[in-house]
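**Q**
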Amino acid sequence: MIEKTFIEQGIKRSQLEEYLRKELEKAGFTKSDVVKTPLVTRIIVNVTRPGLAIGKSGQNIRQLTEMIESKFKIENPQIEIKEITEPNLDAIAVVNKVKALIERGYSWRSVAYKASHDIMSAGAQGVDLVLAGKLTGKGGRKRKQRIAEGYMKKVGFQSSWVDMAKATAYPKPGAIGIKVRIVRPGIVFPDKIDVKKLLEDRKAKEEEKKADSVEEKTAEKKVEETSEQKKAEKKEIKEPEEKEAGEKKKAEKTGKHEEKKAGKKEEKQEEAEEHHKKAEKAENKSFSTETGKGKQKKVEAKVIAAKEKKVVKEHKGGK
Numbered sequence: 001m002i003e004k005t006f007i008e009q010g011i012k013r014s015q016l017e018e019y020l021r022k023e024l025e026k027a028g029f030t031k032s033d034v035v036k037t038p039l040v041t042r043i044i045v046n047v048t049r050p051g052l053a054i055g056k057s058g059q060n061i062r063q064l065t066e067m068i069e070s071k072f073k074i075e076n077p078q079i080e081i082k083e084i085t086e087p088n089l090d091a092i093a094v095v096n097k098v099k100a101l102i103e104r105g106y107s108w109r110s111v112a113y114k115a116s117h118d119i120m121s122a123g124a125q126g127v128d129l130v131l132a133g134k135l136t137g138k139g140g141r142k143r144k145q146r147i148a149e150g151y152m153k154k155v156g157f158q159s160s161w162v163d164m165a166k167a168t169a170y171p172k173p174g175a176i177g178i179k180v181r182i183v184r185p186g187i188v189f190p191d192k193i194d195v196k197k198l199l200e201d202r203k204a205k206e207e208e209k210k211a212d213s214v215e216e217k218t219a220e221k222k223v224e225e226t227s228e229q230k231k232a233e234k235k236e237i238k239e240p241e242e243k244e245a246g247e248k249k250k251a252e253k254t255g256k257h258e259e260k261k262a263g264k265k266e267e268k269q270e271e272a273e274e275h276h277k278k279a280e281k282a283e284n285k286s287f288s289t290e291t292g293k294g295k296q297k298k299v300e301a302k303v304i305a306a307k308e309k310k311v312v313k314e315h316k317g318g319k
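Taking the UniProt record's numbering, the leading residue of the sequence shown gets 1, the next gets one more, and so forth.
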């Protein structure tokens, strides 16, 4: 049962790709990818002319989504148009271009050579273009023509790194099969690795790293020196300011100390004056009390004398 589901999914995908190829042939369709998500089924379409695929205000895409949803029963399809930036390095795009030009009536020779030249000028490492079929006019025998430039791998695991595409053109004389192989730039094959060059590149990289490290160290030293100079300048600026501030503080402290001393002296003087005043008051009081006592004694003596005189007079009168 699981195998059947996988087979059904594969058949559905191939049918969808054929349908998209027919519908988007003018837009330069190359391939499509289906990505399923929990909410949406994304269909990524690679084309050389995205304007024709999208249409006026997205009309073509809307029609395509409706047709895909109804025909292939895909829930919530979302078509994403992806432009091929370099069509001369895409084997499918090159095959479709050669096929369209041959079917229009252009000479296969001029078309094939121009295509190979464009591929190599785009930066490819190698190209192999094969045309087989009714290359001559009516009544001619079928034949095969091969155009190759640069480096190419056809056998082994490394051949999977080569981009390959096939197509069949149907001009009036008869069918012509087209096969294109392209080795894209950036692919490194094991037999193309130069050990000496690798070692030289490594040495050059190490030297660059050393030079960078030396530059970084020198830059760090310069930064440290500048920071130290700035600190020294700040210290030089701060030292006289600190001295002035210290002198001001000392002067303030000495002034406060002198003020305190003067205040203490004044307090002592005031205390002495108060003490002197108190002593004078006490002396005055004692003097006044003594004088009062003396007066009382004199009065008492006078009273006693007066009494004695009276008594004497009375005694004399009685006699």
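Backbone N, C-alpha and C define an ideal beta-carbon position, used for all residues, glycine too.
Beta strand (DSSP E) containing Lys82: first to last residue?
**A** Element bounds for Lys82: Pro77 to Glu83.
**Q** Using 8 Å for Cβ pairs, my map puts Glu103 next to Pro171. What's the rounded Cβ distance?
**A** At roughly 6 Å, the Cβ-Cβ gap stays under 8 Å, so Glu103 and Pro171 are in contact.
**Q** What separation, rounded to the nearest whole angstrom, lies between the Cα atoms of Glu23 and Ile54?
**A** Approximately 12 Å, taken between the alpha carbons.
**Q** Output the boundary residues of the beta strand (DSSP E) element that contains Thr168.
**A** It spans Asp163 to Ala169 - the beta strand (DSSP E) in which Thr168 sits, taken as one unbroken run.
**Q** By the DSSP assignment, the alpha helix (DSSP H) with Leu135 in it spans what residues?
**A** Looking at the DSSP string, Leu135 is not in any alpha helix (DSSP H), and its letter there is neither H nor E.
**Q** CA-CA distance, Val111 and Ser159?
**A** Cα-Cα distance, rounded: 26 Å.
**Q** Buried or exposed: which applies to Gly133, given that a residue is buried once 16 or more other Cβ atoms fall within 10 Å of its Cβ?
**A** Buried: at least 16 other Cβ atoms inside 10 Å.
**Q** What residue range is occupied by the uninterrupted alpha helix (DSSP H) comprising Ser110?
**A** Looking at the DSSP string, the run of the alpha helix (DSSP H) that includes Ser110 is Trp108 to Ser121.
**Q** Out of curiosity, what's the CA-to-CA distance linking Ala175 and Met152?
**A** Roughly 27 Å separates the two Cα atoms.
**Q** Can you give me the Cβ contacts of Lys142 inside the same chain, cut-off strictly under 6 Å, excluding the 5 residues immediately before and after it?
**A** The answer, listed in chain order, is Gly133 and Lys134.
**Q** At the level of alpha carbons, what is the spacing between Ser213 and Lys221?
**A** Distance between the alpha carbons of Ser213 and Lys221 is about 12 Å.
**Q** CB-CB under 7 Å to Lys179, same chain, minus the five flanking residues each way: which ones, in chain order?
**A** The residues are Val130 and Lys166.
**Q** I want to know whether the segment 189 to 207 touches the segment 111 to 123 - three or more CB-CB distances under 8 Å.
**A** No: fewer than three Cβ pairs fall under 8 Å.
**Q** Please say whether Ile81 and Val45 have beta carbons closer to each other than 9 Å?
**A** In this structure, Ile81 lies closer than 9 Å to Val45 by Cβ.
**Q** For Val162 and Arg181, I'd like the C-alpha separation in whole angstroms.
**A** Answer to the nearest angstrom: the Cα atoms are 6 Å apart.
**Q** Using a Cβ distance threshold of 8 Å, determine whether the segment 88 to 103 contacts the segment 51 to 71, with at least three qualifying pairs required.
**A** As far as the Cβ criterion goes, the segment 88 to 103 does not touch the segment 51 to 71, which means the pair count is below three.
**Q** Determine the DSSP secondary structure at Ala204, reduced to helix, strand or coil.
**A** Note: Ala204 maps to helix in three-state DSSP.
**Q** With a floor of 3 residues, list each beta strand (DSSP E) that falls wholly inside the segment 173 to 234, ordered by position along the chain.
**A** 176 to 183, all fully within the segment 173 to 234.
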